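Report on one structure; see the data block that follows.
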Amino acid sequence: MDRTVNDILNQDNFSKSDLITLLNCEGDDRTLLFKKSSEIKEKYIGKKVWFRGLIEFSNICGKDCLYCGIRKGNKNLERYSLDDDEILAAAKFAYIHSYGSIALQSGELESSFVSGRIENLLRRIREMSDGELGVTLSVGEQEPEVYKRWFDAGAHRYLLRVESTNPALYGKIHPDDSKHSFSRRLECLKSLQYIGYQTGTGVMIGLPFQTMEDLAGDLLFMKNFDIDMCGMGPYIEHADTPLIHHSQTLMPLKQRFDLTLKMIAIVRIMMKDINIVAATALQAIDPIGREKAVKIGANILMPNITPGKYRDSYKLYDNKPCTDDSAEDCQSCLEARVSLADAEVIYGEWGDSKHYSERRLRLK
Ligand code: 5AD
Ligand code: FES
């Protein structure tokens, strides 16, 4: 006889078929899943949320992922790149407002100019904040030597979503060329972890061609890879991308949203002490989407502190929320929202994943 959701939730390890059962659960079983994940969050993390001030410093991208609004091939988009002083000013805003950390994110470019510039910026941010501001980087695939230079210059977390861990599905949502290779994505994740970054990854949920088995495989990958941070969000179509032609095959947005909440809840149950981001894309579907994610397991929010005039141009997907707000608006709005989710924003702390410190101790 198949195990019930209650039986499954009382285990410590999950098989692929257990995970598929959890992803498909409805009604009382779904309530049970979310109850379990919020209890685990409360026990291991507390009712807490940490901010990462998000600076989307450039939408210039050398890649052509078939789902992404800022892909190189999209010509319906004004490209921008903040200058160093604008980036420093945004970092200073985060520092002055006691955000523990910032996240620097951009389109993907590999060149000695870009790597040198980022290295220099990291040093200036460290100097400006006396080393107090935590820095997450999310600027894609790079050579190990570049990752190492950035680590030495002050970045200590890196977010590189694997997007899907099924190589066949990865192949369907990326161009078939050496610039978009699944094996390189894995190599990059391994070198980040080896260098000593708190390493984060995640996938998009509700992609065309994606099955529940794929998602269960993604969950097992994240557990086996021993990630420190997880950032996952629903796939949201963008009109100016090739994947738009598969829109009729997608599950409805509400279902993609619900499945993302289930993925977050299951990750929290499988990896009790990692950091989990409540992705902005959740809010593109449900006005209180991120708060729902905080309730059932997420503990990281990324208020957008990119200068307002550029926000409209960093559209990875359609209906991106908060593109008209200022950084101050985002902060007070999020604070009110977090307290509605019965949680509290913790200021002035890095909010490192406990998982990372314990993983490092195990390695010693
Ligand atoms: N819908 C949702 N998320 C997207 N991303 C890119 N395009 C989309 C989309 N259409 C996500 C990818 C990438 C991150 C920066 O944004 O997962 O890693
Ligand atoms: Fe690859 Fe944007 S072009 S994620």
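To convert a position in the sequence shown, counted from 1, into the working numbering, add 733.
Backbone N, C-alpha and C fix where the C-beta goes; we use that ideal spot for every residue, glycine too.
As the structure is a computational prediction, the values presented were derived from the model and not from experiment.
Query raised in the report: What are the residues that DSSP puts in a beta bridge with Phe-784?
Result: Position 51 of the sequence shown holds residue 784. In DSSP, Phe-784 forms a bridge with Leu-1034.
Query raised in the report: Counting only runs that start and end within the region 858–921, where is the alpha helix (DSSP H) found for 4 or more residues in a row?
Result: 877–885, 900–906
Query raised in the report: Are Arg-856 and Ala-824 touching if we call contact CB-CB under 9 Å?
Result: For this step, residue 856 is matched to residue 123 along the sequence shown. For this step, residue 824 is matched to residue 91 along the sequence shown. No, these two residues do not count as a Cβ contact at 9 Å.
Query raised in the report: From Lys-1028 to Tyr-880, what does the alpha carbon distance come to, in whole angstroms?
Result: Looking up residue 1028 in the sequence shown gives position 295. Looking up residue 880 in the sequence shown gives position 147. So the two alpha carbons sit approximately 34 Å from each other.
Query raised in the report: Less than 8 Å between the CB of His-979 and some heavy atom of the ligand 5AD, yes or no?
Result: What you label residue 979 is simply residue 246 of the sequence shown in a count that begins at 1. Checking the Cβ of His-979 against the ligand 5AD gives no.
Query raised in the report: With respect to 8 Å, is the separation between the Cβ of Gly-802 and the closest non-hydrogen atom of the ligand 5AD below this value?
Result: Counting from one through the sequence shown, the residue named residue 802 turns up at place 69. It does: the Cβ of Gly-802 is within 8 Å (strictly closer) of some heavy atom of the ligand 5AD.
Query raised in the report: Candidates Met-1004, Ala-1014, Thr-993: which alpha carbon is nearest Tyr-1050's?
Result: Here residue 1050 refers to the residue found at position 317 of the sequence shown. Measuring from the Cα of Tyr-1050, the nearest candidate turns out to be Ala-1014.
Query raised in the report: Anyone know if the C-beta pair for Phe-826 and Ala-1012 falls short of 9 Å?
Result: Numbered from 1 along the sequence shown, position 93 holds the residue referred to as residue 826. Numbered from 1 along the sequence shown, position 279 holds the residue referred to as residue 1012. Not a contact, by the Cβ cut-off of 9 Å.
Report task. Apply the 10 Å Cβ neighbour rule to Ile-1038 and answer buried if 16 or more other Cβ atoms are within range, or exposed otherwise. Result -> Counted from its first residue, the sequence shown places residue 1038 at position 305. So Ile-1038 ends up on the buried side.
Report task. State buried or exposed for Lys-1025, treating a residue as buried only when at least 16 other CB atoms are found within 10 Å of its CB. Result -> By 1-based counting over the sequence shown, the position of residue 1025 is 292. It is buried - the Cβ of Lys-1025 has at least 16 other Cβ atoms within 10 Å.
Query raised in the report: For Val-872, which option in Ser-862, Asp-947, Met-861, Ile-851 has the closest C-alpha, if you only look at C-alpha atoms?
Result: Translated into the one-based positions of the sequence shown, residue 872 becomes position 139. The shortest Cα separation from Val-872 among Ser-862, Asp-947, Met-861, Ile-851 belongs to Ile-851.
Query raised in the report: With distances taken from CA atoms, which of Ile-1002, Gly-939, Ile-829 is nearest Met-955?
Result: Reading the sequence shown from its first residue, position 222 is the one you call residue 955. For the residues Ile-1002, Gly-939, Ile-829, the minimum Cα distance to Met-955 belongs to Ile-1002.
Query raised in the report: Taking contact to mean at least 3 C-beta pairs separated by less than 8 Å, is the region 932–943 in contact with the region 757–766?
Result: no
Report task. Classify Ser-848 as helix, strand or coil using the three-state DSSP reduction. Result -> On the sequence shown, residue 848 is found 115 positions in, with the first residue counted as 1. Here Ser-848 sits in helix by DSSP.
Query raised in the report: Using the C-alpha atoms, what's the distance from Leu-742 back to Ser-750?
Result: For the purposes of this step, residue 750 is taken as the residue at position 17 of the sequence shown. For the purposes of this step, residue 742 is taken as the residue at position 9 of the sequence shown. Ser-750 and Leu-742: Cα-Cα distance of roughly 13 Å.
Query raised in the report: Going by DSSP, what residues sit across from Val-1027 in a beta bridge?
Result: Along the sequence shown, one-based indexing puts residue 1027 at 294. Looking at the DSSP assignment, Val-1027 forms no beta bridge with any residue, so it has no partner.
Requested in this report: Mind reading off the beta-carbon distance from Met-965 to Ile-999? Whole number of angstroms is fine, and I expect it under 8 Å.
Outcome: Taking the sequence shown and counting its residues from 1, the one referred to as residue 965 is at position 232. Taking the sequence shown and counting its residues from 1, the one referred to as residue 999 is at position 266. Contact flag wrong, Cβ pair sits at about 10 Å.
Query raised in the report: With C-beta atoms as the reference, is Leu-893 less than 9 Å away from Leu-854?
Result: As a position in the sequence shown, residue 893 is number 160, starting the count at 1. As a position in the sequence shown, residue 854 is number 121, starting the count at 1. Their beta carbons are not under 9 Å apart, which means Leu-893 does not touch Leu-854 by this criterion.
Query raised in the report: Got a sec: does the ligand GTP put a non-hydrogen atom nearer than 8 Å to the Cβ of Gln-943?
Result: Among the ligands in the structure shown, the ligand GTP does not appear; only the ligand 5AD and the ligand FES can be found there.
**Report entry** Three-state class that DSSP yields for Glu-811 in the structure shown
**Finding:** Taking the sequence shown and counting its residues from 1, one reaches residue 811 at position 78. If DSSP states are grouped into helix, strand and coil, Glu-811 belongs with coil.
Query raised in the report: For Asn-809, which residues of its own chain have a beta-carbon under 7 Å away from its beta-carbon, when the five flanking residues on both sides are left out?
Result: In the sequence shown, residue 809 corresponds to position 76, counting from 1. Counting only Cβ-Cβ distances below 7 Å, and skipping sequence neighbours, we find Asp-973.
Query raised in the report: Less than 8 Å between the CB of Ile-969 and some heavy atom of the ligand 5AD, yes or no?
Result: On the sequence shown, residue 969 is found 236 positions in, with the first residue counted as 1. Because some heavy atom of the ligand 5AD lies under 8 Å away, the Cβ of Ile-969 counts as near it: yes.
Report task. Return the CA-CA distance between Tyr-813 and Glu-772, expressed in angstroms with no decimal places. Result -> Residue numbering aside, residue 813 sits at position 80 when the sequence shown is read from its first letter. Residue numbering aside, residue 772 sits at position 39 when the sequence shown is read from its first letter. Taking the straight line joining both Cα atoms gives about 43 Å.
Query raised in the report: Which ranges does the alpha helix (DSSP H) cover as unbroken runs of at least 4 residues, wholly within the region 920–968, from first to last along the chain?
Result: 945–958
Query - Exposure label - Glu-1091; buried when at least 16 CB within 10 Å - result: Residue mapping note: residue 1091 aligns to position 358 of the sequence shown, counting from 1. It counts as exposed.
Query raised in the report: Quick one: what does DSSP say Glu-1091 is sitting in, helix, strand or coil?
Result: Indexing the sequence shown from 1 puts residue 1091 at position 358. If DSSP states are grouped into helix, strand and coil, Glu-1091 belongs with the helices.
Query raised in the report: For Ala-949, which residues of its own chain have a beta-carbon under 7 Å away from its beta-carbon, when the five flanking residues on both sides are left out?
Result: As a working mapping, residue 949 is identified with position 216 in the sequence shown. Same-chain partners within the cutoff: Lys-749, Leu-752, Ile-753, Leu-756.
Requested in this report: Enumerate in chain order the residues of its own chain whose CB-to-CB distance from Cys-758 is below 7 Å, with the five nearest sequence positions on each side excluded.
Outcome: Residue numbering aside, residue 758 sits at position 25 when the sequence shown is read from its first letter. Val-738, Leu-766, listed in sequence order.
Query raised in the report: Is Ala-836 helix, strand or coil when you go by DSSP?
Result: Within the sequence shown, numbered from 1, the residue matching residue 836 stands at position 103. Ala-836: strand per DSSP, three-state reduction.
Query raised in the report: Any heavy atom of the ligand 5AD within a distance shorter than 8 Å of the CB on Tyr-930?
Result: Position 197 of the sequence shown holds residue 930. Not under cutoff, so the answer is no.
Report task. Could you name the residues of the same chain whose beta carbon sits closer than 7 Å to that of Asp-947, not counting the 5 residues immediately before and after it, in chain order? Result -> Start at 1 with the first residue of the sequence shown, and residue 947 comes out as number 214. Result list for Asp-947: Ser-897, Asn-899, Leu-902, in chain order.
Query - Residue environment, His-971, which counts as buried when at least 16 other CB atoms sit within 10 Å - result: By 1-based counting over the sequence shown, the position of residue 971 is 238. Buried, since its Cβ has 16 or more Cβ neighbours within 10 Å.
Query - Whole-angstrom C-beta distance between Ala-1076 and Lys-780, which should lie under 8 Å - result: Numbered from its first residue, the sequence shown carries residue 780 at position 47. Numbered from its first residue, the sequence shown carries residue 1076 at position 343. Going by Cβ atoms, the distance from Lys-780 to Ala-1076 rounds to 5 Å, so yes, they are a contact pair.
Query raised in the report: What's the call for Lys-923, buried or exposed, on a 16-neighbour Cβ count within 10 Å?
Result: Against the sequence shown, residue 923 aligns to sequence position 190. Answer is exposed; the Cβ neighbour count stays below 16.
Requested in this report: Leaving aside the five residues before and after Phe-942 along the sequence, list all residues of the same chain whose C-beta is less than 7 Å from its C-beta, in chain order.
Outcome: For the purposes of this step, residue 942 is identified with residue 209 of the sequence shown, where counting begins at 1. So the qualifying residues of the chain are Leu-902, Lys-905.
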